[in-house]
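**Student:**
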Amino acid sequence: MTFPVERPRRLRRTPALRRLAAETRLHPADLVLPMFVKEGIADPAPVASMPGVVQHTRDSLRKAAVEAVEAGVGGLILFGIPAVKDARGSGADDPAGIVQVALGDLVTELGDSTVLMTDTCLDEYTDHGHCGLLRADGSVDNDATLARYAAAAVAQARAGSHVVAPSGMMDGQVAAIRAALDADGHPDVAILAYSAKYASAFYGPFRDAAECAPSFGDRAAYQQDPANTDEAIREVLLDLAEGADLVMVKPAMAYLDVVRRVADAVNVPVAAYQVSGEYAMVEAAAANGWIDRDRTILETLTGIRRAGADIVLTYWATEVARALR
Ligand code: PBG
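Residue numbers (our numbering): 9 to 333.
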């Protein structure tokens with residue numbers, strides 16, 4: 009019997025050999041924690057479809073943010089849920105709006121010790137739940153919405169955001185926000201563009217968490233068709249041309265081919281958002297005893313990094329950061 013010359017198993021024999029040979033590493037600094045803060049609640053409110061995730065009060069947000077930073081996460085991204093919503097999403101750019109005041113708290117508490125990011129969109133603030141202003145026929149008015157995004161980004165920058173993250177998939181949103189930030193004296197505030205954001209069923213639990221399910225229709229006329237990848241590259245290149253500093257693919261696990269294509273196509277940091285439905289699937293299966301929760305979480309994150317994501321937004325960020333230390 010002749011033995012093969014190549015024996016790949018040699019490098020798998022012990023944990024130390026596997027660690028030395030690993031091509032992909034998870035590091036706490038590559039993880040970003042999405043956080044929800046709700047106006048006018050006395051206690052944190054659990055999100056039923058996302059066990060372990062809450063809508064924070066200003067106070068509980070501050071504490072959870074400090075814990076995340078102490079665990080070593082790379083950054084935080086904040087979503088606000090206002091007490092009152094209206095057609096134009098007034099809470100998005102109100103200096104006294106929940107995201108702006110909660111961000112102020114975090115700036116006071118954390119300063120520049122972490123990266124404070126804000127989701128820049130209207131759906132959490134509109135009574136109809138769409139990401140933009142509506143025309144009479146119910147369609148989203150792209151160009152009228154740009155001015156609202158610009159105002160929201162400026163309000164977030166004034167409140168201390170280091171990175172604004174437009175997530176509404178309006179054409180021209182990055183250029184409109186860049187121009188508004190520069191004109192208001194924030195040339196150093198960066199833009200993380202949700203460039204390739206798909207019209208996904210995986211956002212279901214988020215819409216509970218942010219109370220932003222569209223009251224009619226869906227987002228397919230502005231978010232991308234899950235069938236496409238060339239379109240993702242086009243969106244990414246447009247966002248870079250408009251001034252994006254970082255680009256994102258969302259969701260993550262069902263779009264790892266897109267993450268890889270984007271990572272190969274650009275020379276800026278690429279983020280991937282492991283969204284609410286990805287979190288909920290793993291938590292639900294684990295709660296049933298059907299999968300090993302901790303191993304599954306690390307495997308999903310390793311897969312997203314292996315596909316080419318430099319930064320991963322994940323609701324498990326604090327827990328995983330602690331486990332990696
Ligand atoms: C829009 C926004 C959404 C998510 C992040 N930003 C919802 C949507 O587009 O419907 C989803 C995140 C998640 O599912 O975890 N502001």
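Yeah, the Cβ is synthetic: ideal placement off N, Cα and C, and Gly gets one too.
Note that this is a predicted model, so its numbers are computed, not measured.
Report, in whole angstroms, the separation of the C-beta atoms of Ala201 and Asp238, which I expect to be a contact under 8 Å.
**Tutor:** Looking up residue 201 in the sequence shown gives position 193. Looking up residue 238 in the sequence shown gives position 230. That pair is no contact at about 18 Å.
**Student:** Taking the alpha helix (DSSP H) that Tyr230 falls in, what are its first and last residues?
**Tutor:** One-based indexing of the sequence shown puts residue 230 at position 222. Element bounds for Tyr230: n/a, residue is neither H nor E.
**Student:** Does the stretch 221-230 touch the stretch 273-289, meaning 3 or more C-beta pairs lie closer than 8 Å?
**Tutor:** By the Cβ test, the stretch 273-289 is not in contact with the stretch 221-230, since fewer than three Cβ pairs between them sit closer than 8 Å.
**Student:** Taking the DSSP output, what are the residues bridged to Gly83?
**Tutor:** Counting from 1 along the sequence shown, the entry for residue 83 is found at position 75. In the DSSP output, where bridge partners are listed per residue, Gly83 has Val40, Val123.
**Student:** The alpha helix (DSSP H) that contains Pro213, what's its start and end?
**Tutor:** The sequence position of residue 213 within the sequence shown is 205, counting from 1. Start and end: 212-217.
**Student:** Count the other C-beta atoms from every protein chain shown that fall within 10 angstroms of the C-beta of Gly82, then say buried if there are 16 or more, exposed otherwise.
**Tutor:** The count along the sequence shown starts at 1 and reaches residue 82 at position 74. Answer is buried; the Cβ neighbour count reaches 16.
**Student:** Along the chain, where does the beta strand (DSSP E) containing Gln282 start, and where does it finish?
**Tutor:** The residue you call residue 282 lines up with position 274 of the sequence shown. Note, Gln282: premise wrong, no beta strand (DSSP E); not H, not E.
**Student:** Is it the case that the Cβ atoms of Leu114 and Arg70 are separated by a distance below 8 Å?
**Tutor:** By one-based count along the sequence shown, residue 114 stands at place 106. By one-based count along the sequence shown, residue 70 stands at place 62. Going by C-beta atoms, Leu114 is nearer than 8 Å to Arg70.
**Student:** DSSP three-state label for Gly97, please.
**Tutor:** On the sequence shown, position 89 is the one that residue 97 refers to. Correct three-state label for Gly97: coil.
**Student:** Can you look up Gly316 in the DSSP assignment and give me helix, strand or coil?
**Tutor:** The residue you call residue 316 lines up with position 308 of the sequence shown. Coil at Gly316, not helix or strand.
**Student:** Kindly list the residues whose CB is nearer than 6 Å to the CB of Gly240, restricted to its own chain and excluding five residues on each side of it in sequence; keep chain order.
**Tutor:** Position 232 of the sequence shown, counted from the first residue, corresponds to residue 240. The sequence shown places Ala at residue 240, not Gly. If we look at Ala240 and ignore the five residues flanking it on each side, its Cβ neighbours are Ala204, Val266.
**Student:** For Val182 and Val255, what's the separation of their Cα atoms in angstroms?
**Tutor:** Against the sequence shown, residue 182 aligns to sequence position 174. Against the sequence shown, residue 255 aligns to sequence position 247. Cα to Cα, the separation comes out at about 11 Å.
**Student:** Under a three-way DSSP split, which group does Tyr263 fall into?
**Tutor:** Residue 263 sits at position 255 when you count from the first residue of the sequence shown. Assigned with DSSP and collapsed to three states, Tyr263 falls in helix.
**Student:** Assign Gly335 to one of three DSSP states: helix, strand, or coil.
**Tutor:** A question about residue 335 goes unanswered here, because the residues of the chain that appear run from 9 up to 333.
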